[in-house]
Amino acid sequence: MRLPCQLERINEVLAKAYKYNWQLPIKKNEPVKQNLELIIATLEK
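Going by the numbering used here, the sequence shown opens with residue -13, and the numbers climb by one from there.
Shown next, in the form of structure tokens:
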């Protein structure tokens, strides 16, 4: 699994969602982003 690629995609989705103030994608993807960041940080240790 390519977690950094997934994180990059989530960041793109969130950037567009914030740009257009789309609340549902923000609400659904922020927790995913946080979890991916945590997983990546843990694996890099």
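All C-beta atoms, glycine included, are put in the ideal place defined by N, C-alpha and C.
Span of the alpha helix (DSSP H) holding Arg(-5)?
Here the alpha helix (DSSP H) through Arg(-5) covers Leu(-11) to Tyr6.
Apart from the five residues on each side of it in sequence, which residues of its chain come closer than 8 Å, Cβ to Cβ, to Asn15?
Apart from the 5 residues on each side of it in sequence, Asn15 sits with its Cβ closer than 8 Å to the Cβ of Ile(-4), Val(-1), Leu0 and Ala3 in its chain, given in chain order.
Under 9 Å between C-beta atoms of Leu22 and Leu(-7):
Taking 9 Å as the Cβ cut-off, Leu22 and Leu(-7) qualify as a contacting pair.
Are Pro(-10) and Ile12 closer than 9 Å when you measure CB to CB?
With respect to the 9 Å criterion, Pro(-10) and Ile12 are not classified as neighbours on the basis of their beta carbons.
Mapping the DSSP letters down to three states, classify Lys31 as helix, strand or coil.
Residue state, collapsed to three classes: coil.
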